[in-house]
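Everything on this sheet refers to the single structure shown next.
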Amino acid sequence: MRISFELVTALQYELKAAQRQSALFKSGQKYATMKKEHAQECRRLEQQIKALREELHRLHQEQLYARQQWFESTDDMQAEYERRIRTLQAENARLYERSMKAETQRDAAYDKITEMRREKYQLAAELEEEK
Numbered sequence: 105m106r107i108s109f110e111l112v113t114a115l116q117y118e119l120k121a122a123q124r125q126s127a128l129f130k131s132g133q134k135y136a137t138m139k140k141e142h143a144q145e146c147r148r149l150e151q152q153i154k155a156l157r158e159e160l161h162r163l164h165q166e167q168l169y170a171r172q173q174w175f176e177s178t179d180d181m182q183a184e185y186e187r188r189i190r191t192l193q194a195e196n197a198r199l200y201e202r203s204m205k206a207e208t209q210r211d212a213a214y215d216k217i218t219e220m221r222r223e224k225y226q227l228a229a230e231l232e233e234e235k
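At position 85 of the sequence shown the residue is numbered 189 (the working numbering), and the sequence of numbers has no breaks.
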């Protein structure tokens, strides 16, 4: 069985490439290159980690600021609400007192009208008796 020319040529190219790579490893050049590339990758990743940590810190600060603003605004709203409630309660008390006074005056007027009717009926009865 004959091995085809293309297969032999491809295997020879692969052998030469493997020999070159082996020579690079033996000389230490490939190791140095790999070490340099690894160091570059580590620096790149460390920079990326640093940038992400800075962004995380910035976002945390923004969150704290937003929460502080929210508390301040809700405190202001709560104070305004309580102030409005006190105003309405005072107005309610004033109107209650006014209605009680008006009711007292009305009751006094009804009593006076009743008394005047009694006097009228009594005078009418006396007039009737005189006739």
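We treat Cβ as the ideally placed atom computed from N, Cα and C, and that holds for glycine. Note that the structure is a prediction, hence the values are computed from the model and not measured.
> Where do the N-terminal and C-terminal ends of the alpha helix (DSSP H) with Arg106 fall, by residue?
Replying inline: In the DSSP assignment, Arg106 falls outside any alpha helix (DSSP H), carrying neither H nor E.
>> Could you give the first and the last residue of the continuous alpha helix (DSSP H) run that contains Lys235?
In response: Lys235: not part of any alpha helix (DSSP H); DSSP gives it neither H nor E.
>> With the cut-off set at 7 angstroms, would you say Leu128 and Lys120 are in Cβ contact?
In response: Result no, Cβ atoms of Leu128 and Lys120 do not sit closer than 7 angstroms.
> By Cβ distance below 8 angstroms, which residues in the same chain neighbour Arg187 in space, the five residues on each side in sequence not counted?
Replying inline: The answer is none, since no qualifying residue turns up.
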